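Asker: Residue numbers (our numbering): 35 to 108. Let me begin by handing over the structure; questions about it come next.
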């Protein structure tokens, strides 16, 4: 199930339905984070941590939404 959620997460990003950079707070924090690195790119492990945190948040929201949908159907 977790692999399917991760694939759904990346698919939503690829389709442009999930663009974190559209959120002003996220964009500001990302810009601040990038400014900490002189070459302008996040190191691989930092990028992986950010991507993993985003995926976990997406999965939690998706699962919560599905539970709420089941709860309202009762």
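Cβ atoms here follow ideal geometry from the backbone N, Cα and C, with glycine treated the same way. Note that the structure is predicted; figures quoted are calculated from it, not measured.
Can you name, in chain order, every residue of its own chain whose Cβ lies under 7 Å from the Cβ of residue 5, other than the five neighbours on each side?
Answerer: Outside the displayed span of the chain (35 to 108) sits residue 5, for which this structure offers no information.
Asker: For residue 53, name the three-state secondary structure that DSSP assigns.
Answerer: In the chain shown, counting from the first residue as 1, residue 53 sits at position 19. Residue state for residue 53 is assigned as coil, using DSSP reduced to three classes.
Asker: Output the distance between the C-alpha atoms of residue 68 and residue 87, rounded to the nearest integer angstrom.
Answerer: Looking up residue 68 in the chain shown gives position 34. Looking up residue 87 in the chain shown gives position 53. Using only the alpha carbons, I get a separation of about 17 Å.
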